[in-house]
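Worksheet for the structure shown next.
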Amino acid sequence: MRAVFNTVMRIVSSLLGLFMIFIGCVWILQGLNLYFRVGFMVGDPKWTLFGAILAAVGVAQVVWSNTRQS
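Right under this line is the structure:
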């Protein structure tokens with residue numbers, strides 16, 4: 006049962022990391038005024054920074070969840 010739990014949680018953790026990467030990229034594009042040109046984040050450089058941080062945390066989450074010992 007423990008192996009099943011570890012596998013499921015690894016998948017959930019990886020999906021969460023991929024979601025953070027996606028949202029971070031959207032924030033970067035909005036902050037740079039390149040895409041999704043609607044909303045309060047458009048053209049605001051701080052959202053580019055926040056997006057880069059979120060995407061980096063997402064990459065770390067995916068790497069950590071797929072390289073840790075079971």
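For the sequence shown, the working numbering assigns the number 6 to the initial residue and increments by one for each residue that follows. A virtual CB, placed ideally from N, CA and C, is assigned to each residue, including glycine. The model shown is predicted, which means the values in this text are computed figures rather than measured ones.
For MET6, there is no enclosing alpha helix (DSSP H), as DSSP marks it with neither H nor E.
The Cβ neighbour count for ALA60, taken over all protein chains shown within 10 Å, is at least 16; the residue is labelled buried. Under the DSSP assignment, LEU39 falls outside any alpha helix (DSSP H); it carries neither an H nor an E label.
Assigned with DSSP and collapsed to three states, GLN74 falls in coil, not helix or strand. With fewer than three CB-CB distances shorter than 8 Å, the stretch 54-69 does not count as touching the stretch 38-45.
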